[in-house]
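A short write-up of the structure that comes next.
In mature numbering (1 follows the signal peptide of the UniProt record, and there is no 0), the protein residues as written are -23 to -1, 1 to 316.
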């Protein structure tokens, strides 16, 4: 009985860790962004997403012509923005969905809500059970950046009885997880040649890790993104790029450690400072605390990190093993003597 209790204690501890479904980042309207031009049916866009508590919604738009107003259901249905719950007007706004229920957003500029620039986000409680992690949607990569972790409890219970050392290593692997971050190049200014951003300085105070995501937002009539070699970066030469991006809202996953060099391929833009060197270090995978967020704007780094102090886990396992192992041997011997 005591053995079962201790095994269950470990199982519940593992359930608490392994049932975590990490937060996702959704860009409203995907690459089209937040617009009244009829490019996006926001009702349809939201209908095929599974929004959970803790997820993040990003609004990208031209703040000379749009804004974001969070309103009540009544304000949403009547397109009335006179008494908003919250107002956003930076042009790249991040909203964390902090509770379950409905979040209603509209554009407060005259006629825009009536033209369809409104969105109802239905949020369900964060997943915290042993169901498989929710599958990603088929929309663009910028729509949802997420990481999910799932381990069947039955295997863990078996592993505890079979090999406690293996579980200790498994716990260390779980507790060292540091989830990927999403960075928007230039924060709210985006990817530009207007001198609003010193990209060298912007990148210097960030800690980029393998698995992080870099988002470039820009007007694709005047800019693009070219990934180049170090030589191409230093000479502003985009004639032989490693990769070219031109959607206007491009997402690049930093898949390996080292340097990623990006420039704008339009004449004179790189020379004007529209170039960025991203230095990437290996993903954190040890038992150090999760890296702290930077002090830049909320849109700069959207990250969720999981950390459980190793000393508590070691104590929990040591305590349970000390209790459980003698009990297991006692049960085993009693069982053997009865045969």
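Glycine included, every Cβ here is placed at the ideal spot set by N, Cα and C.
If you draw a straight line from the alpha carbon of residue i to that of residue j, how long is it in whole angstroms?
{"i": "residue 220", "j": "residue -1", "result": "29 angstroms"}
{"i": "residue 323", "j": "residue 98", "result": "In the structure displayed, the chain extends from -23 to 316; residue 323 sits before or after that span and is not available."}
{"i": "residue 7", "j": "residue 214", "result": "30 angstroms"}
{"i": "residue 258", "j": "residue 178", "result": "18 angstroms"}
{"i": "residue 198", "j": "residue 46", "result": "28 angstroms"}
{"i": "residue 233", "j": "residue 256", "result": "10 angstroms"}
{"i": "residue 48", "j": "residue 12", "result": "18 angstroms"}
{"i": "residue 284", "j": "residue 158", "result": "Unreliable placement is indicated for residue 284, whose pLDDT of 42 sits below 50; the coordinate value is still reported in the next sentence. So the alpha carbons of these two residues sit roughly 15 angstroms apart."}
{"i": "residue 68", "j": "residue 2", "result": "17 angstroms"}
{"i": "residue 61", "j": "residue 20", "result": "20 angstroms"}
{"i": "residue 9", "j": "residue 212", "result": "32 angstroms"}
{"i": "residue 122", "j": "residue 29", "result": "Annotation note: pLDDT 43 at residue 122 (below 50); position unreliable, coordinate value reported separately. The alpha-carbon atoms of residue 122 and residue 29 are separated by roughly 13 angstroms."}
{"i": "residue 195", "j": "residue 41", "result": "15 angstroms"}
{"i": "residue 54", "j": "residue 4", "result": "22 angstroms"}
{"i": "residue 86", "j": "residue 222", "result": "31 angstroms"}
{"i": "residue 25", "j": "residue 208", "result": "44 angstroms"}
{"i": "residue 166", "j": "residue 65", "result": "15 angstroms"}
{"i": "residue 80", "j": "residue 162", "result": "27 angstroms"}
{"i": "residue 206", "j": "residue 250", "result": "17 angstroms"}
{"i": "residue 39", "j": "residue 95", "result": "16 angstroms"}
{"i": "residue 124", "j": "residue 181", "result": "Note on residue 124: pLDDT 41, under 50, position unreliable in the model; the coordinate value appears next. Approximately 26 angstroms between the Cα atoms of the pair."}
{"i": "residue 241", "j": "residue 210", "result": "10 angstroms"}
{"i": "residue 137", "j": "residue 200", "result": "Confidence at residue 137 is low in this model, with a pLDDT of 49, below 50, so its placement is unreliable and the value that follows should be read with caution. Whole-angstrom Cα-Cα distance: 56 angstroms."}
Using a Cβ-Cβ cut-off of 8 angstroms (strictly less than) and excluding sequence neighbours within five positions of residue i, which residues of its own chain qualify?
{"i": "residue 89", "result": "13, 43, 83"}
{"i": "residue 102", "result": "29, 30, 77"}
{"i": "residue 15", "result": "92, 93"}
{"i": "residue 57", "result": "48, 51"}
{"i": "residue 100", "result": "28, 29, 30, 32, 74, 76, 77, 78, 79, 80"}
Leaving out five residues on either side along the sequence, give the residues of the same chain with a beta carbon under 6 angstroms from the beta carbon of residue i.
{"i": "residue 176", "result": "253"}
{"i": "residue 260", "result": "186, 187, 188"}
{"i": "residue 216", "result": "none"}
{"i": "residue 372", "result": "The question about residue 372 has no answer here: the residues shown for the chain are numbered -23 through 316."}
{"i": "residue 17", "result": "6, 9"}
I'd like to confirm the pairing. Which residues does DSSP put opposite residue i in its beta bridges?
{"i": "residue 193", "result": "227"}
{"i": "residue 254", "result": "238"}
{"i": "residue 47", "result": "63, 82"}
{"i": "residue 35", "result": "4, 71"}
{"i": "residue 185", "result": "257"}
{"i": "residue 215", "result": "Beta-bridge pairing links residue 215 to no other residue."}
{"i": "residue 222", "result": "202"}
{"i": "residue 18", "result": "Beta-bridge pairing links residue 18 to no other residue."}
{"i": "residue 97", "result": "81"}
{"i": "residue 28", "result": "100"}
Counting only the same chain and skipping the five closest in sequence on each side, list residues whose C-beta sits under 7 angstroms from that of residue i.
{"i": "residue 204", "result": "218, 219, 220, 237, 238, 239"}
{"i": "residue 63", "result": "47"}
{"i": "residue 235", "result": "257"}
{"i": "residue 224", "result": "8, 197"}
{"i": "residue 292", "result": "Because the pLDDT of residue 292 is 49, which lies under 50, any placement of that residue in the model is unreliable, and the number read from its coordinates should be weighed accordingly. No residues qualify anywhere along the chain."}
{"i": "residue 59", "result": "none"}
Pair every Cβ in the region 188 to 201 with every Cβ in the region 222 to 230, then say whether three or more of these pairs are closer than 8 angstroms. yes
Would you check if the region 69 to 80 and the region 32 to 44 touch, i.e. whether three or more CB-CB distances between them fall below 8 angstroms? yes
Using 8 angstroms as the Cβ pair cut-off and three pairs as the minimum, do the region 235 to 251 and the region 169 to 178 touch? yes
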